[in-house]
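Residue numbers (the numbering used here): 1 to 313. Backbone N, C-alpha and C fix where the C-beta goes; we use that ideal spot for every residue, glycine too.
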DNA sequence: GCGACAG
DNA sequence: ATCTTGTCGC
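Right under this line is the structure:
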């Protein structure tokens with residue numbers, strides 16, 4: 001059987017398993033847990049995952065504090081007061097909302113599979129397959145976006161049609177990784193992948209292509225996995241320097257600014273020149289497809305919550 | 001307070 | 001990305 005082209009991860013369950021390793025009488029920090037997952041940049045996501053912990057009794061959220069000893073937030077009816085009470089009940093001293101002598105009670109000896117390190121290695125390996133010298137002129141363009149209700153992602157694909165009215169398709173899937181900068185493709189691609197079978201001959205994503213730490217933004221990842229030419233259109237800049245309308249990343253030109261507010265980079269199977277030509281000739285159409293995908297993904301999410309309300313009544 | 005690293 | 005849908009202040 002052909003193996004999947006990318007790692008199927010469950011960062012939520014890996015993370016909760018880490019939190020359960022913190023022994024009685026010990027404390028750990030958001031950053032320490034992030035490093036155990038394999039990337040300090042996941043620190044905020046660790047805070048997020050604790051806030052949505054599905055098993056508060058079995059997974060001791062209260063044992064996670066800031067690296068400077070501040071106790072930090074606690075999602076509980078009694079709030080931080082309860083977090084402080086639980087930490088003290090474990091025999092740990094707190095003064096002025098700070099853990100006393102954090103080093104002496106800090107646990108950082110995690111047994112971990114460093115999942116984010118594995119994902120980075122995979123991104124680097126996939127980047128070896130990059131092809132960005134192809135001059136292309138796409139015909140039917142598909143634009144993608146995802147909206148979320150908790151950990152359920154609603155993906156939308158809107159495709160140019162010759163009739164004039166674009167075609168929309170929706171997919172729904174539970175996500176297994178929170179948003180962590182530079183790992184977006186592992187969160188969004190699984191929601192969108194089933195749609196690509198019916199896509200046009202060119203894929204456009206709300207996010208980056210090669211304009212990424214490891215040249216593996218969502219658009220590039222999707223282009224490499226699907227084998228279809230692709231492009232990324234981000235609404236904010238995640239790295240790189242802008243000179244006129246050119247974007248340089250680590251000294252290499254990795255994209256351009258469109259209409260003063262969109263950061264466009266190649267996904268896969270398209271040259272920088274072709275991407276520029278395409279935006280010059282069909283930029284408005286592409287932006288409107290992306291906006292349409294954004295709207296329909298949102299609508300799908302809202303429609304689902306209406307259905308849930310009816311189901312519960 | 002600053003810097004900030006897509007969604 | 002999601003949160004809020006009525007009220008304050010210009």
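Straight-line Cα distance separating residue 234 from residue 168: 21 Å
Cβ neighbour criterion (16 or more within 10 Å) applied to residue 111: exposed
Residue 118 - DSSP class collapsed to helix/strand/coil: helix
The stretch 273-282 / the stretch 136-151 touching (three or more Cβ pairs under 8 Å): yes
Residues bridged to residue 314 (per DSSP): What is shown of the chain runs 1 to 313, which leaves residue 314 out entirely.
Rounded distance between the beta-carbons of residue 204 and residue 270, thought under 8 Å: About 11 Å separates the two Cβ atoms, so there is no contact after all.
Whole runs of the alpha helix (DSSP H) within the stretch 160-201, excluding any shorter than 4 residues: 184-192
Enclosing beta strand (DSSP E) for residue 141 [first to last residue]: 141-149
Nearest candidate by alpha-carbon position, reference residue 150, set 48, 113, 223, 248: 48
Of the residues 71, 114, 77, the one placed nearest residue 96, counting alpha carbons only: 71
Residues sharing a beta bridge with residue 206, DSSP: 233
Sufficient close CB pairs (3 or more, under 8 Å) joining the stretch 160-167 to the stretch 28-37: no
Other residues of its chain near residue 249: CB distance less than 7 Å, five sequence neighbours each side excluded: 211, 239, 240
Start and end residues, alpha helix (DSSP H) containing residue 104: 102-105
Stretch pair the stretch 88-108 + the stretch 118-133: three plus CB contacts closer than 8 Å: no
Whether residue 6 touches residue 196 by CB criterion (8 Å): no
Same chain, Cβ closer than 6 Å to residue 142, five either side skipped, listed in chain order: 157, 159, 199, 200, 203
Residue from 155, 182, 216 with nearest C-alpha to residue 267: 216
From 65, 54, 60, 58, residue whose alpha carbon lies closest to that of residue 43: 65
Pairwise C-alpha distance: residue 213 and residue 129: 16 Å
Bridge partner(s) assigned by DSSP for residue 263: 234, 257
Environment of residue 61 [buried if 16+ CB atoms lie within 10 Å]: buried
Buried versus exposed call for residue 100 [16 or more other C-beta atoms within 10 Å across all chains shown]: exposed
Residue interval of the alpha helix (DSSP H) (run including residue 75): Segment: none, residue 75 is in no alpha helix (DSSP H) and carries neither H nor E.
Rounded straight-line distance, which links the Cα of residue 103 to that of residue 154: 43 Å
Three-way DSSP call (helix, strand, coil) for residue 11 in this model: helix
Residue from 27, 74, 83, 56 with nearest C-alpha to residue 68: 27
Sequence-distant residues of the same chain with beta carbon closer than 8 Å to residue 88, five excluded per side: 94
Buried versus exposed call for residue 252 [16 or more other C-beta atoms within 10 Å across all chains shown]: exposed
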